[in-house]
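Protein chains in written order, with the numbering used here: chain D, 1373 to 1482; chain B, 18 to 129.
Quick reminder that beta carbons are idealized off the backbone N, C-alpha and C, glycines included.
Worksheet: the structure to be examined is printed underneath.
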């Protein structure tokens, strides 16, 4: 059974204080790892897809990386508007839809 | 494009009542997913359809839950009878295939 574990559950940063969120996964053949951002009262919004170990994707202050066992979402010099819950999901080689982790709730304080 | 549209956004009902949640897919998408989100369990897949056909409903909690896709652009999720433990945010998502999903804003259900 595919499993996704995200850590930490919650993270509080000062504005400008860089950090990383972790997503560990166990799947039977990874077809893709997805990162989503979810704001309160909204649906998850797609950020990145990573397909193979060593791949990196960047968007503004966010950079996602992938190894064979985990993915990191690096946040460089965060701003208060980066505050959200960040969700990680995996797509395995079986014909099953995305399996999501429980997310990391990020708060960036000015 | 208007994106995935869900209704109602909020629903408060009493135990035992029937609840119907609605979803309109993004035009051109052929897959439809219903997820449920709670603090304890996160996002859980309930059921998904491909080309209007239910492919996997193993996540549907029990017979009280049913989902239909009467046409290529619309789906309903029905709970009858509803129970307090059904309280959650229900999300609909659509996609081409089963890769990147586009979510609606969710329907927050409270069963008293």
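For a contact defined as C-beta to C-beta under 7 Å, what are the partners of residue i on chain B?
| i | result |
| --- | --- |
| residue 1415/D | 108, 120, 121, 122 and 123 |
| residue 1475/D | 59 |
| residue 1472/D | 59 and 60 |
Identify the contact partners of residue i in chain D, using a Cβ-Cβ distance below 8 Å as the criterion.
| i | result |
| --- | --- |
| residue 117/B | 1406, 1418 and 1421 |
Count the other C-beta atoms from every protein chain shown that fall within 10 angstroms of the C-beta of residue i, then say buried if there are 16 or more, exposed otherwise.
| i | result |
| --- | --- |
| residue 53/B | buried |
| residue 56/B | exposed |
| residue 1466/D | exposed |
| residue 1404/D | buried |
| residue 1425/D | exposed |
| residue 1474/D | buried |
If the cut is a Cβ gap below 7 Å, which residues of chain D does residue i touch?
| i | result |
| --- | --- |
| residue 66/B | Going along chain D, no residue has its Cβ under 7 Å from residue 66/B, so there is no contact; the nearest lies around 11 Å. |
| residue 50/B | 1469 |
| residue 62/B | 1469 |
Put residue i into one of helix, strand or coil per three-state DSSP.
| i | result |
| --- | --- |
| residue 73/B | strand |
| residue 1432/D | coil |
| residue 117/B | coil |
| residue 1453/D | helix |
| residue 1390/D | coil |
| residue 1410/D | strand |
Interface residues of chain B around residue i at Cβ under 8 Å?
| i | result |
| --- | --- |
| residue 1463/D | 115 and 116 |
How would you list, in chain order, the residues of chain D whose beta-carbon sits under 9 Å from the beta-carbon of residue i?
| i | result |
| --- | --- |
| residue 73/B | 1467, 1468 and 1469 |
If you pair each beta-carbon of the segment 84-99 of chain B with each one of the segment 38-47 of chain B, do three or more pairs fall below 8 Å? The segment 84-99 of chain B is in contact with the segment 38-47 of chain B.
Does the count of Cβ pairs from the segment 29-40 of chain B and the segment 1447-1458 of chain D closer than 8 Å reach three? no
Taking contact to mean 3 or more Cβ pairs, one atom from each stretch, closer than 8 Å, check whether the segment 1432-1446 of chain D and the segment 20-30 of chain B are in contact. no
Just to confirm the assignment: which complete beta strand (DSSP E) runs, minimum length 3, are found wholly within the segment 57-110 of chain B? 59-67, 70-73, 82-88 and 91-96
How do the segment 1464-1482 of chain D and the segment 1418-1431 of chain D stand: do at least 3 beta-carbon pairs fall below 8 Å, yes or no? Touching, no, given that fewer than three Cβ pairs across the two stretches are closer than 8 Å.
Could you tell me whether the segment 115-122 of chain B touches the segment 97-104 of chain B, using the rule of 3 or more Cβ pairs below 8 Å? no
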